[in-house]
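A.B. asks:
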Amino acid sequence: MTTENQTSANKMPVPEKAPSAWERFKETHVWHSFIKDRVAQISLTIFMGYVIMALFAPAIAPFDPYDPTQIDIMNSELPPSWDEEMGDEQFWLGTDAQGRDLWSTILYGTRISLTIGICAVLLQATIGIIIGLIAGYRGGRVDNILMRFADVQLSFSTMMVAIVVLAVFQASFGTELYQDLARIMLVLVIGIAEWPQYARTIRASVLAEKKKEYVDAARVMGLGQMRIMFRHILPNTLSPILVISTVQVANAIISEASLSFLGLGMPVSQPSLGSLISSGFEYIFSGAWWITVIPGIVLVVLVLVMNLLGDWLRDVLNPKLYKG
Amino acid sequence: MPLLEVKNLEVSFGLRSGEVKALRNINFTLDRGERLGLVGESGAGKSVLGFSILNLISKPGRISGGEILFEGKNLADMSPEELRDVRGNRISMIFQDPMMTLNPVLTIGQQMIECLQAHRKISKENARTIAIQKLQQVQIPSPETRIDQYPYELSGGMRQRVVIAIGLLMDPDIIIADEPTTALDVTIQAEIMELMVELCERNNVALILITHDLGVVSQVTQKAIVMYAGRIIEQGPTREIINDAQHPYTQGLMNALPQMAIPGQRLNQIRGAMPSLQKIPTGCAFNPRCDYVRDACTQQLPGYTASGNCQVACHMVAELKQAEQASEGA
Amino acid sequence: MTDSKITEQTDQQPETLVQIRGLYKKFNISGDFLDQLKFKGGKIVREQEFVHAINGVNLDIQKGEALCVVGESGCGKSTVARTVMGLITPSAGSISYRGERIDDLDDKQLLPYRKKMQMIFQNPYASLNPRMTIAQTLEEPVRLHNPDWSAQQVRDKVHEVMFSVGIDPSWGERFAHEFSGGQRQRISIARALAVDPEFIVADEPISALDVSIQAQVLNLLMDAQEKRNLTYLFITHDLAVVEHFGTRVAVMYLGSLCELAPTKTLFAKPRHPYTQALMSAIPRLEDDRPPHIKLQGEVPTPVNLPSGCVFHGRCPYANERCKQEIPKLITTDEGGQVACHGVEEGRI
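Protein chains in written order, with my numbering: chain S, 4 to 327; chain H, 19 to 348; chain W, 4 to 351.
1. Please list the partners that W:M282 has in chain S, where partner means a Cβ-to-Cβ separation under 9 Å.
2. Taking 7 Å as the line, does the beta carbon of W:S191 fall inside it for any heavy atom of the ligand SAM?
3. By DSSP's criteria, W:H55 is part of a beta bridge. Which residues make up the other side?
4. On a CA-only basis, which of H:Q287, H:T200, H:I250, H:N286 is nearest H:C328? Give me that one, please.
5. Could you spell out where the beta strand (DSSP E) holding W:M122 opens and where it closes?
6. Among S:D40, S:I137, S:L307, whose alpha-carbon lies nearest the alpha-carbon of S:A207?
7. Give me the Cβ distance between S:A255 and S:E80, rounded to the nearest whole Å; I'm assuming they're in contact under 8 Å.
8. Where H:I298 and S:A123 are concerned, what is the direct C-alpha to C-alpha distance, given to the nearest angstrom?
9. Report the residue from H:L271, H:G326, H:I109 whose alpha carbon sits nearest the alpha carbon of W:L288.
10. Can you list, in chain order, the residues of its chain with a C-beta nearer than 6 Å to that of H:S82? Leave out the 5 residues immediately preceding and following it.
11. Roughly how many angstroms lie between the CA atoms of W:T13 and H:G79, to the nearest whole one?
12. Got a sec? Which residues, its chain only, sit under 6 Å from S:V319 by beta carbon, not counting five neighbours each side?
13. Spell out whether any CB of chain S is found under 8 Å from the CB atom of W:D14.
14. If I measure Cβ to Cβ from W:S357 and keep anything under 6 Å in the same chain, skipping five residues before and after, which residues do I get?
15. Could you list the residues in the region 135 to 149 of chain W with a C-beta less than 7 Å from some C-beta on chain H, going in chain order?
16. Run through the region 266 to 347 of chain W for me and flag every whole alpha helix (DSSP H) of 4 or more residues, listed as ranges in chain order.
17. Any idea which residues DSSP pairs W:T19 with across the strands?
18. If the criterion is Cβ atoms closer than 8 Å, does the pair H:A242 and H:G254 meet it?
19. Could you name the residues of the region 235 to 249 of chain S whose beta carbon sits closer than 7 Å to any beta carbon of chain W, in the order they occur along the chain?
20. State the DSSP-derived secondary structure class of S:T31, mapped to helix, strand or coil.
21. Quickly, what does DSSP pair W:A193 with across the bridge? List them, please.
22. How big is the Cα-Cα spacing for S:T209 and S:L241?
23. Residue range of the beta strand (DSSP E) that W:V168 falls in?
24. Write down the C-beta distance between W:H275 and W:A284 rounded to the nearest angstrom, noting that I regard them as a contact closer than 8 Å.
25. Check for me: the beta strand (DSSP E) holding W:K43 runs from which residue to which?
26. Report buried or exposed for S:M224, applying the criterion of at least 16 other Cβ atoms within 10 angstroms of its Cβ.
27. For the region 212 to 235 of chain S, which residues have a CB atom closer than 8 Å to at least one CB atom of chain W, in sequence order?
28. Compute the Euclidean distance between the alpha carbons of S:S160 and S:M269, then round it to the nearest angstrom.
29. Residues of chain S with a CB under 7 Å from the CB of W:F124: which are they?
30. Please say whether W:K66 and W:G74 have beta carbons closer to each other than 8 Å?
31. Could you confirm whether any beta carbon from chain S is found closer than 8 Å to the beta carbon of W:I23?
32. List, in chain order, every chain W residue whose beta-carbon is nearer than 7 Å to that of H:Q212.
33. Could you tell me the distance, in whole angstroms, from the CA atom of S:L279 to the CA atom of S:G112?
34. I need the straight-line Cα distance from S:T10 to W:N222, nearest angstrom please.
35. Does the Cβ of S:S272 have 16 or more other Cβ atoms within 10 Å, making it buried, or fewer, making it exposed?
36. Which residues bound the beta strand (DSSP E) around H:M245?
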């Protein structure tokens with residue numbers, strides 16, 4: 004009977020009220036290293052700028068590049084507005100070969116590139132996480148089969164798979180249908196080609212987590228395998244997932260741009276950043292450099308900030324680094 | 019002059035939330051060949067003290083006050099070159115995990131020879147002879163073949179022996195051993211402790227043994243220091259402290275051991291836990307856990323009172339002693 | 004008090020809760036199928052290597068007792084604990100709970116036993132899921148094993164166990180990393196107690212804690228045993244704890260049982276040479292402790308087990324018979340059991 008009194012007297016100096024999620028976040032290592040790291044701050048700001056551009060493209064853009072009635076072929080290949088001879092105040096970044104406002108087209112292109120990138124990564128992550136979790140948790144033969152499968156997938160380069168699939172699709176179903184389905188096809192192809200990246204990362208951290216005693220505790224409790232995998236192990240592998248996701252989105256955007264550049268991606272009527280670069284390529288020697296260079300810079304900056312953010316996250320979330 | 023004299027040592031750590039004192043007001047001496055035990059629970063600052071003696075505190079920590087006099091010279095303000103001459107050469111250190119000292123990709127011999135050649139002008143052959151001799155001293159069977167093995171080929175106990183041999187290489191004056199047997203099994207721990215006592219006695223080496231295990235301190239050391247929340251709370255001859263501890267914390271620590279209780283009965287636990295360094299209570303740091311707490315304990319940092327040959331930081335020493343004598347008399 | 008408890012039990016024909024019979028466990032350490040292929044004498048042969056973690060252990064755990072298993076690292080004591088809990092499937096042998104075999108059941112069939120058998124783990128820093136709050140951690144088992152309870156009933160139960168282990172129930176919204184090691188171990192104990200088990204396996208529950216905290220946790224375990232009428236299988240390397248806590252002690256060496264005896268008997272008169280050496284090695288506070296018995300050599304690897312008695316290579320009393328014949332447990336006059344030819348022949 005005396006136990007309760009004695010043990011409850013063992014209160015430790017823990018503050019009375021549980022802090023809110025935001026207060027807790029402000030105490031974390033992530034937050035502290037973020038407010039100290041200038042590069043991460045700038046990268047995140049630029050990235051948020053891109054996201055806003057993409058989300059509100061229809062509101063920001065002065066023209067709708069998909070609307071043929073707003074396009075005048077007479078305005079084609081106008082240089083940016085700072086060119087005093089030829090520039091037009093209406094089109095501050097100039098126009099492309101079809102007379103579309105380049106600024107509006109870039110806004111819509113960013114929207115398409117980011118959407119494809121993020122959707123492709125969501126697909127990769129879903130496949131990769133499920134396969135990685137099962138392989139890591141079950142181990143043994145299941146693990147062997149799934150991982151050999153991943154190795155086979157990895158031995159084909161993403162570009163090769165994408166080019167073959169998209170070219171065959173275009174050839175057999177015609178360009179017409181392809182143009183309608185381009186977005187979905189790109190997401191599928193890039194998504195499926197890159198899942199082993201996720202599967203391998205997740206498997207490695209599941210193997211590490213599986214050895215920890217809280218997993219044994221969950222088994223002793225009698226929890227089912229599914230619940231242990233998704234409720235107990237998965238949340239503890241979120242850090243690596245977050246890190247590789249940022250890098251993978253950048254990779255997916257690059258893949259999409261490359262495919263579009265090769266004419267296997269988004270059609271010219273709905274240009275992504277890649278197809279925009281490609282469409283301007285023919286005119287680069289006739290002096291209309293801006294059609295290629297400006298979307299190019301936009302793409303490079305986007306990929307760069309995503310990679311910088313990914314690097315920063317990896318450093319911050321690496322438990323080996325922040326223990327010391 | 020004592021071999022090592024630590025005077026008013028203070029070590030601080032600069033944290034996000036401000037500067038925190040990890041060690042405060044540390045004073046003790048160590049004579050040649052003397053074996054000293056530093057006891058305390060995790061967070062008491064015993065390892066920090068071990069590192070600071072060698073001026074090995076790394077950022078964000080620093081020695082923020084006091085002196086560490088080794089043969090009269092202050093280690094706290096020595097140049098890096100002078101320090102290098104002392105570290106490993108005159109004072110060596112043994113860690114809990116042997117793999118912290120041993121490089122897994124080099125053979126034991128390569129590491130020992132490299133260490134010897136770094137401190138002395140000596141040929142490889144001579145260095146090897148000395149290395150084998152030291153391995154023999156730590157009772158490693160067939161040292162001539164063992165010397166060419168890699169650390170992973172040895173068992174945990176053997177590795178710790180090798181680390182001790184490396185510690186002895188330069189014939190140091192002081193060995194600082196930080197929990198050297200905590201990771202080992204009891205039978206091996208007993209062997210290694212016996213070995214260390216024997217080696218220290220034979221070579222007249224002083225030993226600073228950092229441990230949480232009062233049993234080990236009792237068997238190995240002549241002098242003991244009990245630490246709590248970054249401060250020495252009691253120091254004196256080991257036997258006196260073990261048999262007649264004065265500070266309520268030392269008493270509590272000893273009474274909490276299962277061997278001190280009647281089997282099947284509740285153990286005499288100390289309530290609560292050691293405070294973190296950011297939240298050390300005012301007055302005596304132990305006061306929230308102490309059974310004999312008075313007003314003075316919560317207001318004033320206790321100074322050191324001599325009791326027998328011991329120094330005790332407790333306001334209640336005299337009173338407790340009287341009460342004890344009274345109960346014995348009755 | 005303890006004495007009366009023991010005698011009471013022996014008088015009343017003890018009820019066996021858990022029965023371990025002929026338990027063997029070997030782990031394959033030879034890797035993939037491809038790694039196992041070796042080229043030998045002009046032929047490709049498949050070679051497999053095993054770690055023999057448990058080699059024929061028989062143990063009965065009686066209701067209400069605290070059976071302590073001691074031994075040094077690698078002796079298989081933790082493997083025994085994990086096999087009993089069904090975390091590892093044995094290579095051979097059986098485990099029964101109240102007479103029903105449980106080692107060959109699947110997860111679903113084991114569920115009713117999970118409510119009765121719980122486990123406390125060694126490392127308080129790894130045994131709590133870092134992404135779950137304490138309340139979530141504790142509610143999960145309660146809900147799983149009492150699916151018809153209301154949310155309020157579950158919450159009340161969680162409050163009750165938190166209170167009984169000395170954790171303020173209002174801290175439920177916090178995460179494990181906000182607590183100290185001792186507090187985390189209390190939470191682990193609360194999790195085990197939350198389903199009202201009758202049998203608890205504790206795998207080195209205090210060895211990662213500080214001395215003053217060890218005492219608190221040991222007291223808590225003893226209180227829980229008294230109040231909830233628990234039976235413990237207590238795994239530890241610390242003989243001092245065993246002497247204090249155990250009703251009976253089983254000493255293991257290299258996967259085999261050397262000696263099994265009531266605690267008092269064992270500490271008063273250890274019979275097996277290994278037990279004697281182990282006991283002489285405990286660091287004691289007293290000045291006049293018996294001299295430490297030095298063993299020759301090192302513990303052999305469990306990959307290539309020695310023939311005969313596994314201890315013969317290090318035993319000062321070993322003879323030819325010890326090298327060839329595996330000793331069986333024999334009952335001694337004092338009521339303990341010991342597996343030693345020397346004791347059997349009256350040499351030791």
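Note that the Cβ used here is the ideal one computed from N, Cα and C, for glycine as well.
C.D. replies: Quick answer:
1. In the third sequence, the residue the question calls residue 282 of chain W occupies position 279. In chain order: nothing, as chain S lies at least about 30 Å away.
2. Among the components modelled here there is no ligand, and therefore nothing to report on the ligand SAM.
3. Taking the third sequence and counting its residues from 1, the one referred to as residue 55 of chain W is at position 52. Beta-bridge pairing links W:H55 to W:K29.
4. Here the question's residue 328 of chain H lines up with position 310 in the second sequence. The shortest C-alpha separation from H:C328 is found at H:I250.
5. Here residue 122 of chain W is taken as the residue at index 119 of the third sequence, counted from 1. From DSSP, the beta strand (DSSP E) with W:M122 extends over 120 to 123.
6. Reading the first sequence from its first residue, position 204 is the one you call residue 207 of chain S. Nearest option by C-alpha distance: S:I137.
7. One-based indexing of the first sequence puts residue 255 of chain S at position 252. One-based indexing of the first sequence puts residue 80 of chain S at position 77. In fact, because the Cβ distance is near 31 Å, the residues do not count as touching under 8 Å.
8. Translated into positions along the second sequence, residue 298 of chain H becomes position 280. Translated into positions along the first sequence, residue 123 of chain S becomes position 120. Answer to the nearest angstrom: the Cα atoms are 53 Å apart.
9. The residue labelled residue 288 of chain W in the question sits at position 285 within the third sequence. The option with the nearest alpha carbon to W:L288 is H:L271.
10. Here residue 82 of chain H corresponds to residue number 64 of the second sequence, with the count starting at 1. Excluding sequence neighbours, H:S82 sits near E28, S30.
11. Here residue 13 of chain W refers to the residue found at position 10 when the third sequence is read from its first residue. Here residue 79 of chain H refers to the residue found at position 61 when the second sequence is read from its first residue. Confidence at W:T13 is low in this model, with a pLDDT of 47, below 50, so its placement is unreliable and the value that follows should be read with caution. Rounded to whole angstroms, W:T13 to H:G79 spans 60 Å at the Cα level.
12. For the purposes of this step, residue 319 of chain S is taken as the residue at position 316 of the first sequence. Cβ within range, chain order: V33, S36.
13. Numbered from its first residue, the third sequence carries residue 14 of chain W at position 11. Because the pLDDT of W:D14 is 49, which lies under 50, any placement of that residue in the model is unreliable, and the number read from its coordinates should be weighed accordingly. Chain S contact via Cβ: absent.
14. There is no way to answer for residue 357 of chain W, as the model of chain W reaches only from 4 to 351.
15. none
16. 266 to 271, 276 to 283, 323 to 327
17. Here residue 19 of chain W is taken as the residue at index 16 of the third sequence, counted from 1. Beta-bridge pairing links W:T19 to W:Q65.
18. Sequence index remark: in the second sequence, residue 242 of chain H carries index 224 (1-based). Sequence index remark: in the second sequence, residue 254 of chain H carries index 236 (1-based). In contact: H:A242 and H:G254 (Cβ atoms closer than 8 Å).
19. H235, P238, N239
20. The residue given as residue 31 of chain S occupies position 28 in the first sequence. The answer is coil: DSSP assigns S:T31 none of H, G, I, E or B.
21. As a first step, residue 193 of chain W must be located in the third sequence, where it is residue number 190. W:A193 is not bridged to any residue.
22. To locate residue 209 of chain S, count along the first sequence from 1; it is residue 206. To locate residue 241 of chain S, count along the first sequence from 1; it is residue 238. Per the sequence shown, the amino acid found at residue 209 of chain S is Val instead of Thr. Whole-angstrom Cα-Cα distance: 11 Å.
23. To locate residue 168 of chain W, count along the third sequence from 1; it is residue 165. From DSSP, W:V168 is part of no beta strand (DSSP E); its letter is neither H nor E.
24. The residue given as residue 275 of chain W occupies position 272 in the third sequence. The residue given as residue 284 of chain W occupies position 281 in the third sequence. That pair is no contact at about 14 Å.
25. Stepping through the third sequence from its first residue, residue 43 of chain W is reached at position 40. Note, W:K43: beta strand (DSSP E), 40 to 43.
26. To locate residue 224 of chain S, count along the first sequence from 1; it is residue 221. The residue is buried, with at least 16 neighbouring Cβ atoms inside 10 Å.
27. K215, E216, Y217, D219, A220, A221, R222, V223, M224, G225, L226, G227, Q228, H235
28. As a position in the first sequence, residue 160 of chain S is number 157, starting the count at 1. As a position in the first sequence, residue 269 of chain S is number 266, starting the count at 1. Answer to the nearest angstrom: the Cα atoms are 20 Å apart.
29. As a working note, residue 124 of chain W is residue 121 in the third sequence. Those within 7 Å of W:F124 in chain S are E216, D219, A220.
30. As a position in the third sequence, residue 74 of chain W is number 71, starting the count at 1. As a position in the third sequence, residue 66 of chain W is number 63, starting the count at 1. No.
31. Position 20 of the third sequence holds residue 23 of chain W. Taking Cβ atoms only, chain S never reaches closer than 8 Å to W:I23, which makes this a no.
32. To locate residue 212 of chain H, count along the second sequence from 1; it is residue 194. This sequence places Glu at residue 212 of chain H; Gln is not what is there. Residues of chain W passing the Cβ test: H295.
33. Sequence index remark: in the first sequence, residue 279 of chain S carries index 276 (1-based). Sequence index remark: in the first sequence, residue 112 of chain S carries index 109 (1-based). Straight-line Cα distance between these residues: approximately 8 Å.
34. Residue numbering aside, residue 10 of chain S sits at position 7 when the first sequence is read from its first letter. Residue numbering aside, residue 222 of chain W sits at position 219 when the third sequence is read from its first letter. In this prediction, S:T10 scores a pLDDT of 40, lower than 50, which makes its location untrustworthy; the coordinate-derived value is nonetheless stated afterwards. Rounded to whole angstroms, S:T10 to W:N222 spans 10 Å at the Cα level.
35. Reading the first sequence from its first residue, position 269 is the one you call residue 272 of chain S. Answer is exposed; the Cβ neighbour count stays below 16.
36. Counting from 1 along the second sequence, the entry for residue 245 of chain H is found at position 227. Looking at the DSSP string, the run of the beta strand (DSSP E) that includes H:M245 is 241 to 246.
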